[in-house]
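With the numbering used here applied, the sequence shown covers 22 to 143.
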Amino acid sequence: VIRKEVSGEEHPSVATVLNNIAGVYCDMNRPDKSVKYQEEALAIDRKNYGNDHGEVATDLSNLATYLSMVVEQGGADRTEDAVKHFHEALDIKRKVFGRDHSSVATILNNLATLYRDIGKEE
Numbered sequence: 022v023i024r025k026e027v028s029g030e031e032h033p034s035v036a037t038v039l040n041n042i043a044g045v046y047c048d049m050n051r052p053d054k055s056v057k058y059q060e061e062a063l064a065i066d067r068k069n070y071g072n073d074h075g076e077v078a079t080d081l082s083n084l085a086t087y088l089s090m091v092v093e094q095g096g097a098d099r100t101e102d103a104v105k106h107f108h109e110a111l112d113i114k115r116k117v118f119g120r121d122h123s124s125v126a127t128i129l130n131n132l133a134t135l136y137r138d139i140g141k142e143e
């Protein structure tokens, strides 16, 4: 709340705080709450940076991870959303950092784990 009042509701620092809150909820094994905050962070970062920025890719990857965790815990099946977000994050990271960057490998690994968990080989 303080960050929003000081910097404005759509300032990148607000997205950073929301991203951190999402991470805390994840650490508390509450990915349902993480999704809410990560979606807000993503919306702010898209407004500030556009769609092809590293921050947006990180937000998408985090969101996909949280959605995957919700599914694992028996929550709403948003597997298709998770896959879509991982692929979008992957495309952005390849554009921004190149195909051999470690963040590309991380997303590929996370996507492979999701596919394994849902029994899909691709």
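Ideal placement from N, C-alpha and C gives every residue a C-beta, glycine not left out.
E109 counts as buried, since no fewer than 16 other beta carbons sit within 10 angstroms of its beta carbon. Residue environment: K68 is assigned as exposed (fewer than 16 neighbouring CB atoms within 10 Å of its CB, all protein chains considered). Under the three-state reduction of DSSP output, K141 falls in the coil class, being neither helix nor strand. In chain order, A85, S89, T100, A103, V104, F107 place their CB closer than 8 Å to the CB of L135, counting only its own chain and leaving out the 5 sequence neighbours on each side. In the displayed model, A36 falls within a helix according to three-state DSSP. If you check the CB distance, A62 and A78 do not come in under 8 Å. For the pair D53 and V91, the CB atoms are nearer than the 8 Å cut-off. Shortest Cα-Cα distance from D80 to any of V56, A97, D98 involves V56. Listed in chain order, the non-local C-beta contacts of E60 below 7 Å within the same chain comprise L84, local neighbours out to five positions each way being set aside.
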